[in-house]
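Input: a single structure, listed below in structure tokens.
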Amino acid sequence: MNYRGGAAPDPDSPMKWHMRNEQHLCKKKESFDKDARVKIKDTTWHHICVTWKNTKGYWQLYLDGQLQISGTDLKKNHQIPASGTVVIGQEQDKVGGGFHITQSFGPGEVTEVNLWSRVLSGDEIATQKANCDIAQAGLVLWWGQFKGHVTGVKIVEP
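Going by my numbering, the residue at position 66 of the sequence shown is 73; the numbering climbs one at a time, nothing skipped.
This is the structure:
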């Protein structure tokens, strides 16, 4: 997932999380020089959740409802600008563009991407993993909103 926002976005501070074929890594450009790696090289579905609290820069990475790694000072006091563009499966070098095939996700499948304006608790994350019960408080972007704006991929539905 990749987000760039605002009328004049900072090119050095997109919020992004990368998924590679053999591992999941959470990386924030510039102020975050450590990759958080969690191996997921298999053919089963996984639930991944990344949290971030801007006031302290505290971040967490959960895999299948369990906390895997966390840290501090990730863009402390940074504000995510409004009116941005969220792209799933492809890094964007500028708002809504600058795509390169070598920076795309795949092969693989993605579903149920959701964004909140608050940090979810460990219990909420575990509940979502267990039964797909989505916490409503603070939910600002949910999977159904992406479906009308999908391009360049095959949509598979039951």
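For each residue, glycine too, the CB sits at the ideal point set by N, CA and C.
- Under DSSP, I55 shares a beta bridge with L70.
- Under DSSP, W123 forms a beta bridge with L146.
- Distance from the Cα of W52 is smallest, within the candidate group E119, S124 and T134, for E119.
- Contact annotation: L148 and N121 have beta-carbon atoms nearer than 8 Å.
- Of A142, G78 and G115, the smallest CA-CA separation from T50 is found for G115.
- Residue environment analysis places C139 among the exposed positions, since fewer than 16 neighbouring C-beta atoms fall within 10 angstroms of its C-beta.
- For the pair H85 and G78, the Cα-to-Cα distance works out to about 16 Å.
- Residue environment: Q67 is assigned as buried (16 or more neighbouring CB atoms within 10 Å of its CB, all protein chains considered).
- Counting the other Cβ atoms within 10 Å of the Cβ of Q135 gives 16 or more, which makes it buried.
- For I141 and I132, the gap between their C-alpha atoms comes out near 9 Å.
- Across the structure, A144 and K48 are spaced so that their CA atoms are roughly 33 Å apart.
- Beta-bridge annotation (DSSP): K60 is paired with Y65.
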